[in-house]
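**Q** Chains as they are written, first to last, in this note's numbering: chain C, 1 to 206; chain L, 1 to 206; chain B, 1 to 206; chain A, 1 to 206.
Protein chains: 4
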Amino acid sequence: MDSIERLTQLFEKFPGIGPRQARRFVHYLLSERQAARLDLSQAIRDLGQHTAQCRECYRWFVKTDPAKEVLCGICGNPARDRATLFIVEKDADIENIERSGFKGLYFCLGGTIPLASEEIPRYVRVHELVSRVDRDGSAAALKEIILGLSATTEGDHTRLLLQEKLLPMSEGFNFKITSLGRGLSTGSELEYADPDTIQNALKTRA
Amino acid sequence: MDSIERLTQLFEKFPGIGPRQARRFVHYLLSERQAARLDLSQAIRDLGQHTAQCRECYRWFVKTDPAKEVLCGICGNPARDRATLFIVEKDADIENIERSGFKGLYFCLGGTIPLASEEIPRYVRVHELVSRVDRDGSAAALKEIILGLSATTEGDHTRLLLQEKLLPMSEGFNFKITSLGRGLSTGSELEYADPDTIQNALKTRA
Amino acid sequence: MDSIERLTQLFEKFPGIGPRQARRFVHYLLSERQAARLDLSQAIRDLGQHTAQCRECYRWFVKTDPAKEVLCGICGNPARDRATLFIVEKDADIENIERSGFKGLYFCLGGTIPLASEEIPRYVRVHELVSRVDRDGSAAALKEIILGLSATTEGDHTRLLLQEKLLPMSEGFNFKITSLGRGLSTGSELEYADPDTIQNALKTRA
Amino acid sequence: MDSIERLTQLFEKFPGIGPRQARRFVHYLLSERQAARLDLSQAIRDLGQHTAQCRECYRWFVKTDPAKEVLCGICGNPARDRATLFIVEKDADIENIERSGFKGLYFCLGGTIPLASEEIPRYVRVHELVSRVDRDGSAAALKEIILGLSATTEGDHTRLLLQEKLLPMSEGFNFKITSLGRGLSTGSELEYADPDTIQNALKTRA
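1. CA-CA distance, residue 188(L) and residue 187(C)?
2. Grouping DSSP H, G and I as helix and E and B as strand, with all else coil, what is residue 13(C)?
3. Helix, strand or coil: how does DSSP classify residue 209(A) here?
4. In the DSSP assignment, what are the bridge partners of residue 237(B)?
5. Flag residue 195(L) as yes if its beta-carbon sits less than 7 Å from any beta-carbon of chain E, otherwise no.
6. Kindly list the residues whose CB is nearer than 6 Å to the CB of residue 141(B), restricted to its own chain and excluding five residues on each side of it in sequence; keep chain order.
7. So, are the CB atoms of residue 11(C) and residue 17(C) less than 7 Å apart?
8. Residue 146(C) touches chain L at which residues, Cβ-Cβ below 8 Å?
9. Taking the alpha carbon of residue 144(L) as the point to measure from, which residue in 171(L), 160(L), 150(L), 120(L) has its own alpha carbon closest?
10. Which class does residue 137(A) belong to by DSSP, given the choice of helix, strand or coil?
11. With respect to the beta strand (DSSP E) encompassing residue 208(A), which residues constitute its N-terminal and C-terminal limits?
12. Can the beta-carbon of residue 230(L) be found less than 7 Å from the beta-carbon of residue 15(B)?
13. For residue 70(A), name the three-state secondary structure that DSSP assigns.
14. Return the chain-ordered list of same chain residues with a C-beta closer than 6 Å to the C-beta of residue 137(L), the five sequence neighbours on each side being excluded.
15. In the DSSP assignment, the alpha helix (DSSP H) including residue 197(B) goes from what residue to what residue?
16. So, at 8 Å on beta carbons, what are the nonlocal neighbours of residue 87(B) in its own chain, with the 5 sequence-adjacent residues on each side left out?
17. Distance, Cα to Cα, residue 199(A) vs residue 113(L)?
18. So, using beta-carbon positions, are residue 70(L) and residue 80(L) closer together than 7 Å?
19. Please confirm whether residue 126(L) and residue 111(L) have their CB atoms less than 7 Å apart.
20. Since residue 81(A) is in the beta strand (DSSP E), which residue starts that stretch and which ends it?
21. Determine the contact status of residue 37(B) and residue 47(L), defining contact as a CB-CB distance below 7 Å.
22. Can you list, in chain order, the residues of its chain whose CB lies under 7 Å from that of residue 151(C), leaving out five sequence neighbours each side?
23. Decide if residue 33(C) is buried, meaning its Cβ has at least 16 other Cβ atoms within 10 Å, or exposed.
24. Please state whether the Cβ-Cβ distance between residue 27(B) and residue 91(L) is less than 7 Å.
25. Taking residue 61(L) as the reference, give the member of 191(L), 31(L), 94(L), 101(L) with the closest Cα.
26. Helix, strand or coil for residue 124(B) per DSSP?
27. Which residues of the stretch 44-61 of chain A have a Cβ closer than 7 Å to any Cβ of chain C? Give them in chain order.
28. Could you tell me the distance, in whole angstroms, from the CA atom of residue 77(L) to the CA atom of residue 42(B)?
29. Tell me the DSSP secondary structure of residue 22(B) in three-state form.
30. Indicate whether at least one CB of chain B lies closer than 7 Å to the CB of residue 182(L).
31. Rounded to whole angstroms, what's the CA-CA distance from residue 49(A) to residue 177(A)? Just pull it up for me.
32. On a Cα-Cα basis, can you pick out the residue from 39(B), 45(B), 35(B) that is closest to residue 35(L)?
33. Would you say residue 99(L) lies against chain C (beta-carbon separation less than 7 Å)?
34. Can you tell me which of 191(L), 120(L), 57(L) puts its alpha carbon nearest to the alpha carbon of residue 154(L)?
35. Reducing DSSP to helix, strand and coil, say where residue 43(L) ends up.
36. I believe residue 89(B) touches residue 190(A) by the beta-carbon criterion, under 8 Å. Please report the beta-carbon distance rounded to the nearest angstrom.
Okay, structure coming up:
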C-alpha cells in the first residue's frame, strides 16, 4: 500500500470521516508545503508526550510540567466543590458542561454500556468509579453524585446500571444520587415534543 | 386571474406551502376526477358547519349535534380534573399533550406575543384567559395553572407577561402558577446540549 | 368519521403531505373565517368547470370561453413551431420548459412506465401518442420528436419503450427521434459527478 | 498555546472541518494509544518524501523509486492517448474522471480563477498550461484540448479565459478546443431542472 492509500485509511478512522473526505484530507496535505506537514506530524506526536489522563477523573489534559502533574486543571483546583461528583460519558461533555457554570468535580466514564452487551465493556470505567466513590465516601467527602448520561436508550440503560451499583454505597456513605432533569430543551415547541418529553416536563414543572 | 392561478394563491396561504408546492397541489387536483374535487370542496365547506370553537378552552372541535353543543369533548367531560388548567399556544399542542396522559383542562391562547409588539395582538386571548381565571378562581375551583409555552424566546416573553397578569389573581384565589420543566429532552446528548439546557437540567435534577 | 378527520384524510392524498401536515392544514382552515373556507371550497369546485384537458397535448388548461375551447394556449397558438413535438411526463414539466424558450409543441405522456409493470399503465398515454404521431406524420407535418423523459432509471426505461414504438413510424414518415442531452447540469463539479454523467459530458463535448 | 489547542487549530484548516469537529479529532487521537498516534504522525511525514508533483500534469503521485520518477502513472503510461489533453481543476477530479473510462492525458490547473481577481492567482497554472500546449502543439502531438471546468459561474469564467489564451495556439497548431457537454445529469427530473440546463439539454439533444 502506498503512502497516499495508507494515510487515507488512517483518516477514515477519524470520527465521522468517510473514504471521500479522508481522501480530500490527503489531497489537502499534498497541496501544502512539507514544513506544514512536519508541523502537523510533530503536533500529533507531541500530543501523547504533553498530555496525560487525569488520575482522578480520567479525562485527558495538557501537562504544563511533564515530570510531575497527575491531576487535570479541574481536579487539581482547590476552589472546586469536592462534595458533588458529575458522572459524564466523555471528555467533550465536560468542556460543554463547564460553559454552564457547574463548579463541582467530574468523573469521565469513557462511554455508555450497549444494550446487548452481557458484560460491561472494558472502556466503561465502572470499576474505577466504584473505587473512587468508595474512597470519597469513606472520607465523608461526598454529598451528591449526578448521573449525567445522555437522554437516550443506551444512556438510560447505563444510568440504571450505575444506580444499582451506587445505591448501596449511597446508603452506607450517606450521599444523594441524582439524574439530570428531563423536560423541554431550549427551542422545543409543544406541538413537536414527544410524549415522553411532555410527561417529564409535567413532572418537573415548578 | 384564472381559476388555476386563484387556487394556487389560496394554497400558498397554507402553513409551510410555497408557490411550487401550491402549484403541485393544483396539478394533483386537476388530475383527479370532478367527483373527488367536489368531495374535497364539500369537506372544506362542512368544516365550519360541523365545527365550533369551544366556549371554555377556545379550541375547535367537531359537533355531534349541530344545534346544542358549545363545549369540546375535554371541557364537557366531567371526569377531567377541573383544578388544573394547562395554558397552551394552539390546538395542535393539545392533541400532542393528550398523548402524554394529562388529565386536567386546557386553555388555548391562540399564539405567542411577538417581542416587538407594543400591545398584545388580538389573536392572543389574554383577556379571555383573565376572565376565565377570574370565574374559576372565584368559585375556588382552581388549584394550579400550568404555563405551557414553547421553550423559545417568544414563548418565554409570553410566559413572563402571563405570569405578571396572573400573579395577583393567584394570591387572591390561592392557586399555583407553574411552568413546564426545562432540561434534557428525549434523545439529547450532553456534548451537543446548549449551556442553557444544561443549567436547567442541573436545576431540575432529582 | 367526523369532518376534521375526513378533511385530514383528503389532504393526506395531496402530493408530499403526511398526516401531521394534513392536520396542520385543517387547523389552519379552522382558524380562518367561514368566508375564506367558502372561497377555497368554491375555487376547488370551479377548477373542473373552468378547466379542460387539451385535446392535442393532454395537459390541463383554463378555459376562457367555457362553451368552445378544446385546445390549450400552446396547441392553439398558430405561432408555435408544429414540426417539433416535445414529449414530457407531466404538466409541470411544460411550465418549466416554457421558461427555457422552447417554441415547438408538447405532448403530455401522463407519467413514466414502472420497471416492474408487465403492461403499460392506463395513465401513460402511449396509445394516444401513437395516434397523434400517426396523424401528424401522415400530414408530413412532423420533423422531430424530442423524448423529454427524466434522467432516471424509470425515465430511461420509458424512453426505450417509446423509441421502439416510434422508430418504425419515424422511418415511414421521415422524422427524427432525439433525446435531451446528458451532461453536466448547472452547478455540477467534476469531483462529485457520477461516472455516467462524466461519460455523457465527454460524448456531448463540443 | 497548549498541544491540544495547537492540534485543534491545525485540524480546523482541513477542508470542511469546523472547530467542533477539529476538537473531536483531537479527542479521538487522545483516546488512541501512542503507537497509533506515531503511525499517523509518520504517515503524514512520509507523504512529502514518497510523493512528487508530476512534471507533466502537476498532480501529486506516489513514487515507487524515490530517486528517479518524475512522471505520474498516467503521464508515464505509453498506452494513454497523447493527442487528447483534459484540463481539470484539481487532483480529485482526475480520480473521478478515471472511473468514466477516459484514456487520454490530463493537466491539473490547480483551481479556478475568482470572478473578482484582477490577475490570475499564482496557484492557477495558466502559464504552465500555455508552455505545455506550446511544446505539444509544436510537436504536432495534440489534436484536442477538453476544458473540464465545473459548471459553475467561476468555472465558466475560467473556461472563457483559457479559451482566449488557447484559441490562437489552436489555430496555429491545428487542434480543437472542446468543453464538456451540458445537459441533464443522471437523476435530473425536468420539473426541477433550471432553464439553463434545459436549454443546454435541448442544444445537445441527439
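Built from N, CA and C at the ideal position, the CB exists for glycine as well.
**A** Result, derived from the coordinates:
1. Numbered from 1 along the second sequence, position 188 holds the residue referred to as residue 188(L). Numbered from 1 along the first sequence, position 187 holds the residue referred to as residue 187(C). The alpha-carbon atoms of residue 188(L) and residue 187(C) are separated by roughly 13 Å.
2. Position 13 of the first sequence, counted from the start, is the residue given in the question as residue 13(C). The answer is coil: DSSP assigns residue 13(C) none of H, G, I, E or B.
3. Residue 209(A) lies beyond the stretch modelled for chain A, which goes from 1 to 206, so this question has no answer here.
4. Beyond the ends of chain B as shown, which are 1 and 206, falls residue 237(B); an answer cannot be given.
5. No chain E appears in the structure shown, which is made up of the protein chains C, L, B and A.
6. Within the third sequence, numbered from 1, the residue matching residue 141(B) stands at position 141. 82, listed in sequence order.
7. Reading the first sequence from its first residue, position 11 is the one you call residue 11(C). Reading the first sequence from its first residue, position 17 is the one you call residue 17(C). It is a contact, given that the beta carbons lie within the stated cut-off.
8. Sequence index remark: in the first sequence, residue 146(C) carries index 146 (1-based). Simply 202, 205.
9. Residue numbering aside, residue 144(L) sits at position 144 when the second sequence is read from its first letter. When only C-alpha atoms are compared, the closest one is 171(L).
10. Here the question's residue 137(A) lines up with position 137 in the fourth sequence. Three-state result, residue 137(A): helix.
11. The requested residue 208(A) does not occur in the structure, where chain A is confined to residues 1 to 206.
12. Residue 230(L) is absent from the model: chain L starts at 1 and stops at 206.
13. Residue 70(A) sits at position 70 when you count from the first residue of the fourth sequence. If DSSP states are grouped into helix, strand and coil, residue 70(A) belongs with coil.
14. Here residue 137(L) refers to the residue found at position 137 of the second sequence. Once the five neighbours on either side are set aside, the close Cβ partners of residue 137(L) are 169, 173.
15. If you number the third sequence from 1, residue 197(B) lands on position 197. Residues 195-203.
16. In the third sequence, residue 87(B) corresponds to position 87, counting from 1. Once the five neighbours on either side are set aside, the close Cβ partners of residue 87(B) are 106, 107, 109, 129, 145, 146, 147, 148, 149, 162.
17. For the purposes of this step, residue 199(A) is identified with residue 199 of the fourth sequence, where counting begins at 1. For the purposes of this step, residue 113(L) is identified with residue 113 of the second sequence, where counting begins at 1. Cα to Cα, residue 199(A) sits roughly 49 Å from residue 113(L).
18. Taking the first residue of the second sequence as position 1, residue 70(L) is located at position 70. Taking the first residue of the second sequence as position 1, residue 80(L) is located at position 80. No, these two residues do not count as a Cβ contact at 7 Å.
19. Locating residue 126(L) in the second sequence gives position 126, where the first residue counts as 1. Locating residue 111(L) in the second sequence gives position 111, where the first residue counts as 1. Taking 7 Å as the Cβ cut-off, residue 126(L) and residue 111(L) do not qualify as a contacting pair.
20. For the purposes of this step, residue 81(A) is taken as residue 81 along the fourth sequence, with counting starting at 1. Unbroken beta strand (DSSP E) run through residue 81(A): 81-88.
21. The residue you call residue 37(B) lines up with position 37 of the third sequence. The residue you call residue 47(L) lines up with position 47 of the second sequence. Yes, the pair counts as a contact, with Cβ atoms nearer than the cut-off.
22. By 1-based counting over the first sequence, the position of residue 151(C) is 151. Closer than 7 Å at the Cβ level, and outside the excluded window around residue 151(C), lie 182.
23. In the first sequence, counting from the first residue as 1, residue 33(C) sits at position 33. Looking at its Cβ environment, which holds fewer than 16 other Cβ atoms inside 10 Å, residue 33(C) is exposed.
24. Here residue 27(B) refers to the residue found at position 27 when the third sequence is read from its first residue. Here residue 91(L) refers to the residue found at position 91 when the second sequence is read from its first residue. It is a contact, given that the beta carbons lie within the stated cut-off.
25. As a working mapping, residue 61(L) is identified with position 61 in the second sequence. Comparing Cα positions, the closest option is 94(L).
26. Against the third sequence, residue 124(B) aligns to sequence position 124. Residue 124(B) falls in the coil class under three-state DSSP.
27. 44, 45, 46, 47, 48, 50, 51, 60
28. The residue labelled residue 77(L) in the question sits at position 77 within the second sequence. The residue labelled residue 42(B) in the question sits at position 42 within the third sequence. Whole-angstrom Cα-Cα distance: 37 Å.
29. Position 22 of the third sequence, counted from the first residue, corresponds to residue 22(B). Helix at residue 22(B).
30. As a first step, residue 182(L) is located in the second sequence; it is residue number 182 there, counting from the start. Cβ-Cβ to chain B under 7 Å: no for residue 182(L).
31. By 1-based counting over the fourth sequence, the position of residue 49(A) is 49. By 1-based counting over the fourth sequence, the position of residue 177(A) is 177. Rounded to the nearest angstrom, the two C-alpha atoms are 37 Å apart.
32. By one-based count along the second sequence, residue 35(L) stands at place 35. The option with the nearest alpha carbon to residue 35(L) is 45(B).
33. On the second sequence, residue 99(L) is found 99 positions in, with the first residue counted as 1. Closer than 7 Å to some Cβ of chain C, the Cβ of residue 99(L) qualifies, so yes.
34. Your numbering for residue 154(L) matches position 154 in the second sequence. When only C-alpha atoms are compared, the closest one is 120(L).
35. Counting from 1 along the second sequence, the entry for residue 43(L) is found at position 43. Three-state DSSP puts residue 43(L) in a helix.
36. Mapped onto the third sequence, residue 89(B) falls at position 89. Mapped onto the fourth sequence, residue 190(A) falls at position 190. About 7 Å separates the two Cβ atoms, so the contact holds.
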